[in-house]
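Peer 1:
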Amino acid sequence: MKKFNFRKVLDGLTASSPGGSSSGSSGSGGGSGAGTEEIQETLMSDYFQICKTVRHGFPYLPTALAFDPVQKILAIGTRTGAIRILGRPGVDCYCQHESGAAVLQLQFLINEGALVSASADDTLHLWNLRQKRPAILHSLKFNRERITYCHLPFQSKWLYVGTERGNTHIVNIESFILSGYVIMWNKAIELSTKTHPGPVVHLSDSPRDEGKLLIGYENGTVVLWDLRSKRADLRVYYDEAIHSVAWHHEGKQFMCSHSDGSLTLWNLKSPSRPFQTTIPHGKIQRDGKKPESCKPILKVEYKTCKSSEPFIIFSGGLSYDKACRRPSLTIMHGKAITVLEMDHPIVEFLTLCETPYPNEFQDPYAVVVLLEKDLIVVDLTQSNFPIFENPYPIDIHESPVTCTEYFADCPPDLIPVLYSVGAKHKKQGYSNKEWPISGGAWNLGAQTYPEIIITGHADGSIKFWDASAITLQMLYKLKTSKVFEKQKLGEGKSTAEIVEEDPYAVQMMYWCPESRIFCVAGVSAYVIIYRFSKHEVNTEIASLEVRLQYEVEDIITPEPEIIPPFPDASSQLPSLKNLSGSTNTVACEGTMKDSIPCLSVKTRPVRMPPGYQADLVIQLVWVDGEPPQQITSLAVSSAYGLVAFGNCNGLAVVDFMQKTVLLSMGTIDLYGSSDPYQRQPRSPRKSKQFAADNFCMRGLSNFYPDLTKRIRTSYQSLTELSDSPVSLELERCKSPTSDHVNGHCTSPTSQTCGSGKRLSSADVSKANRRGPGRPPFRKAQSAACMEISLPVTAEENRENSFSRSRSSSVSSIDKESKETITSLYFMESFARKNDSALSPCLWVGTGLGMVLILSLNLPPNDDLRLTEPVMVSPSGTVLTLKGAVLTFACLDCMGALIHPPYEVWRDPNSTDDNEKTRKRKLVMHSPSASQDMGEHQFAVVCSEKQAKVFSLPSQTCLYIHNITETSFLLRADVVTLCNSVCLACFCANGHIMTLSLPSLRPMLDVNYLPVTDMRIARTFCFTNEGQALYLSSPTEIQRLTYSQEMCDNLQDMLGDLFTPVETPEAQNRGFLKGLFGGSGQTFDREELFGEATAGKASRSLAQHIPGSGGIEGMKGAAGGVVGDLARARIALEERGQRLGELDEKTASLMVSAEAFSKHAHELMLKYKDKKWYQF
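Heads up: the sequence shown begins at 1 in UniProt numbering, then just goes up one per residue.
(1) With a CB to CB cut of under 6 Å and the five nearest residues on each side skipped, what residues in its chain are close to His56?
(2) In angstroms with no decimal places, state the Cα-to-Cα distance between Pro1010 and Tyr94.
(3) Ala1099: buried (16+ other C-beta within 10 angstroms of its C-beta) or exposed?
(4) Leaving aside the five residues before and after Leu544 along the sequence, list all residues of the same chain whose C-beta is less than 8 Å from its C-beta, in chain order.
(5) Answer yes or no: do Ile331 and Phe311 have a C-beta to C-beta separation smaller than 8 Å?
(6) Can you give the beta carbon distance from Asp260 to Ser293, rounded, assuming they're within the 8 Å contact cut?
(7) Tell me the residue span of the alpha helix (DSSP H) that contains residue 1188.
(8) Quick one: residues in its chain with C-beta nearer than 7 Å to the C-beta of Phe154, no 5 flanking neighbours on either side, listed in chain order?
(9) In whole angstroms, what is the alpha-carbon distance linking Ile189 and Gln49?
(10) Which of the three DSSP states, helix, strand or coil, is assigned to Asp973?
(11) If I measure Cβ to Cβ from Gln937 and keep anything under 6 Å in the same chain, skipping five residues before and after, which residues do I get?
(12) So, at 8 Å on beta carbons, what are the nonlocal neighbours of Ile337 in its own chain, with the 5 sequence-adjacent residues on each side left out?
(13) Could you check what DSSP says for Gly672 in three-state terms: helix, strand or coil?
(14) Is the distance from the Cβ of Pro59 to the Cβ of Ile73 below 8 Å?
(15) Under 8 Å by Cβ, that's how I've got Trp622 and Lys602 pegged, so tell me the actual separation to the nearest angstrom.
(16) Output yes or no for whether 8 Å exceeds the beta carbon distance between Leu104 and Val116.
(17) Need the endpoints of the beta strand (DSSP E) that Asp205 sits in, please.
(18) Buried or exposed for Ile631, please, with buried defined as at least 16 other CB atoms from any protein chain shown within 10 angstroms of its CB.
(19) Quick check on Met1046: does DSSP put it in helix, strand or coil?
(20) Does the stretch 404 to 413 come within contact of the stretch 1017 to 1037, defined as at least 3 CB pairs closer than 8 Å?
(21) Within 10 Å of its beta-carbon, does Ala423 have 16 or more other beta-carbons around it, so buried, or fewer, so exposed?
(22) Ignore the nearest five residues each way along the sequence and tell me which others in Met184's own chain have a CB closer than 6 Å to its CB.
(23) If Phe1089 sits next to Trp158, beta carbons under 8 Å apart, how far is it from one beta carbon to the other, in whole angstroms?
(24) Out of Thr877, Trp843, Thr820, Val1151, point me to the one whose CA is closest to Asp835's CA.
(25) Are the CB atoms of His344 and Leu371 nearer to each other than 8 Å?
(26) So for Tyr47, helix, strand or coil by DSSP?
(27) Per the DSSP calculation, Met850 is bridged to which residue(s)?
(28) Please name the residue, chosen from Ala896, Lys289, Ala525, Ala831, that lies closest to Ser954 on a Cα-to-Cα basis.
(29) From Gly220 to Ser257, what does the alpha carbon distance come to, in whole angstroms?
(30) For Asp205, collect the residues of the same chain with a Cβ closer than 6 Å to its Cβ; drop the 5 residues on either side in sequence, then sort them by chain order.
(31) By Cβ distance below 8 Å, which residues in the same chain neighbour Ser270 in space, the five residues on each side in sequence not counted?
(32) How would you call Ile452, buried or exposed, if buried means at least 16 neighbouring beta carbons within 10 angstroms?
(33) What number of angstroms, rounded off, separates the C-alpha of Phe254 from the C-alpha of Val245?
(34) Quick check on the DSSP output: the beta strand (DSSP E) that includes Glu1086 runs from which residue to which?
(35) In its own chain, which residues sit with a C-beta less than 6 Å from the C-beta of Arg607, not counting the 5 before and 5 after it?
(36) Using DSSP bridges, identify the partner residues of Phe108.
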């Protein structure tokens, strides 16, 4: 009697229910049942927690800059409400305003460990920097006025705030309460003035007398306001708008920069007209007239030196006739004028000076220039003004990032090796001084395993970064474009090229750290294999061409009016632009392109420096006028010497040791007789979709063709899809680094190309056609979706009858008959059911959820490897899942991850004879694997919808987990954590999930990261030890952890922003101050602005919002002993801070008590002789 496994039936039922998961073991096949019962899974949900760790790269869309000259730390604010605080390398902190409002201005409380930020939503925030994760202590929201400028005098607790209405308010930094003291614009200007002076654009106290406040208004009025007597001491007027004001340190002169490119110098003794007016970049007119006006000088700084002439540094001010001049910073030192041209617009600059006191010689030593996409520091101490070498990784975006890979716990020798080959290419000519932003403290922390991040870029460059211990440092840069011939400018574009811009953009990368083999797939349908060598070599680059097109019996019958009988195939005609403007295609009367690759590989010997050297270039070629389709999957095996890659047409396998193509086959042919769909060959069509219309390179389709389609269509039903093709393609064209989910683009970095107008029906069907590499629109989601053809839409029927159309539309059957290769994996496995021994295999996953296993027959010994052919043949094994297959992995019978076999690295160009003759050393599986692993193994397969674990060789599905019904996975990786293994998934609905292996128990499911744009989807990746990363903006990498242990230890790994430093003593205290009437000691702001004298400010003017203070900083240290210690330490620090504040308050109370008794005594003396009726 046949045994019936009830558990299996129940498992099947739960698996088919929505979101259900099942875990059961089957007792059939190869003793797998017994094996699965024995596996003790050690991972628990307590091991998982998600938190962001660190953000690297250049702050995206910067708006503001501040520097603490004593702590030596720099803060940058951005348009998205972020603040980045930078100190010595390793000290890099990211914090975010919850409102997301742009940062207008930043002001450090110098040497106090605090920062004030002013936001575009008219809110002031006080940040506490005395903790590793800064938090807001107070906020003050202005309700009736817009903030335009802030100024905090050194060692003062009163912040001056200028507004759009021209008023100046004063805020107590300690309590964050508005003072009743207000400088109204109509009191500051002369009563006879009939017009409003405009917003406050500048506030600063006189270096000579802190009781005098200089207020600059936009229209050209500057007022020196006496804070004690509450009146204007002097007013100056100029007929050009003011952008900035700067004092001479003695406080007798100040300089203004204006909108006509002029600088005016004013003397306090003669305020009626400027003491000096110059237009530094203006041409002097011959007839003695005023020099011509120039572009506005947006900011000027006037810094004095003890031993030389003062520095006048300003941005802007160039003449209008030099339209193509780049943004520049001008440094005037004595009679010498130096113009430093910048690569990007200047956002802000600051001069770094030796002293924090404004009334001393400033002695500037450097200028920090914040550009839109860069941060540079200029050394002022050397006459040629060299720049400092920047130690921060702020050039990630030098060319837009198109893909990322992350490797934690990689071989320890890799980082020094990559650094040594990368160091040879360092630029020269930097300043020899130390980097001046050197504040904060950072130590290595407990986590010291090596980590490497690899970024691929739009210009074909690849950067290797050392990412150990939450820092980021550039190791090595590889330029993949160097293997191709450069296009000469005079020739125009080659007719075979398929992308106008960025033809070398990196689309996919595969790296084997153990064998050091690196493989790149590029946007122009090519694959390059690199080997690592420490020796320079001069050699020719080997190249192969592969025809990869799935056509069953497609006979091309061109329409007579379009294509004449084919002339000689060698004649090439100038390219014809497609309607989309994105591709180069053959001219209508030209030849049909066939067997032509998109780019030409260099044929002459090429000098290859030490590092990664191209071993083989494989290019897909045009077939019968059809361009090659995008590569969608890539895998390399150093042990087998094979590379496999696939696209929507099929699969290619290449032997890179013998430099031969082993397999080039349409996906449908891989099934042989085991095709579950039994698709029939297509009948010939009336007209072939011709290249000029068919091929439209769209940037994101280039990078993840199946992904773009899924993001766009995953929530739409098939009927919606076929009824409204317009919606799919009519979004604006943006670069892949753009912030729109639906952004298309003509190339990886192009900015705009589309208009929002409704297309004609002919254009619609062109827009609706499957672009390169785009897989079929149908998704294997339900039984209804499994049919091969879709009804032809009304739009397409209309287009067929549209006379001006160059060719008829691709029918739906064309869309449906192609099956994209989405995942590849080389492994020692069981190719067929009930095989008794492991053999080399290639696992192939497709967009329809099919898994095929190909058998690899390798020569029996190493001596024959270069002469005997490798055989690749379909094994007949087909497994199925729902949704496109994303990832594979194999576990041994104990549940440990089996590492795919690899060859131990040896230098291919070694001069050592022993090295050359040494045999290839292969590591077939991880040493930890048990001896009897040959009995059976587990295959983990994850698709965009579900995960399955199969027992091999029986091919029984042991476990299944439906990960998502309504969304789809963007990324899935099998990773190691806490000496165990799990499946980490990132879903398009923002969820990050982990599943235990092999039982697929859910461990973590957090809705953490909404996919607000394609950049996140394209760059998100997991790695071992609970680490992950994604590109949070076009210029920044955000790293996060899903490990509880790392969350606990994070507090120790982060750098300290605040370190105790003595404030330098002032030089000119006492005698000189008294001599010049300076009143630094006698000017009491508390007395003027305090509630006792000034009264309370109107409640409706601003609203005080208490911040979360030190609590924020403890989020990262929640749970565990480390968390408790961190909490205790923070509590002690805060207690110490409160005690310090108590001491200060006690001292101020004593001072005020003394002042009170003094006033009381004076009153007594004044009134002691008066009678009661005289009062």
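All residues carry an ideal CB built from backbone N, CA and C; glycine is no exception.
Peer 2: According to the data block:
(1) Pro393, Leu472, Ile1037
(2) Their Cα atoms are separated by approximately 19 Å.
(3) Before going on, a small fix: residue 1099 reads as Arg here, not Ala. A residue is called buried when at least 16 other Cβ atoms come within 10 angstroms of its Cβ; Arg1099 does not meet this threshold and is exposed.
(4) Leu616, Val617, Ile618, Gln619, Val654, Lys659, Thr660, Val661
(5) yes
(6) 4 Å
(7) What the structure shows of the chain is the stretch from 1 to 1175, and residue 1188 is not part of that stretch, so it cannot be assessed.
(8) Closer than 7 Å at Cβ, skipping near neighbours: Ile110, Pro356, Tyr357, Pro358.
(9) Roughly 59 Å separates the two Cα atoms.
(10) Note: Asp973 maps to strand in three-state DSSP.
(11) Cys890, Asp892, Leu952
(12) So the list reads Pro280, Thr330, Ile331, once near-sequence residues are dropped.
(13) helix
(14) Going by beta carbons, Pro59 and Ile73 fall outside the 8 Å limit.
(15) Under the criterion of beta carbons closer than 8 Å, Trp622 and Lys602 do not qualify as touching, at roughly 20 Å.
(16) Between Leu104 and Val116, the gap from beta carbon to beta carbon reaches 8 Å or more.
(17) 200 to 205
(18) buried
(19) helix
(20) yes
(21) exposed
(22) Asn167
(23) 5 Å
(24) Thr877
(25) yes
(26) Helix at Tyr47.
(27) Thr880
(28) Ala831
(29) Rounded to the nearest whole angstrom, the C-alpha separation of Gly220 and Ser257 is 10 Å.
(30) Pro153, Leu213
(31) none
(32) buried
(33) 7 Å
(34) Here Glu1086 belongs to no beta strand (DSSP E); instead the alpha helix (DSSP H) covers 1085 to 1089.
(35) Asn538
(36) Leu115
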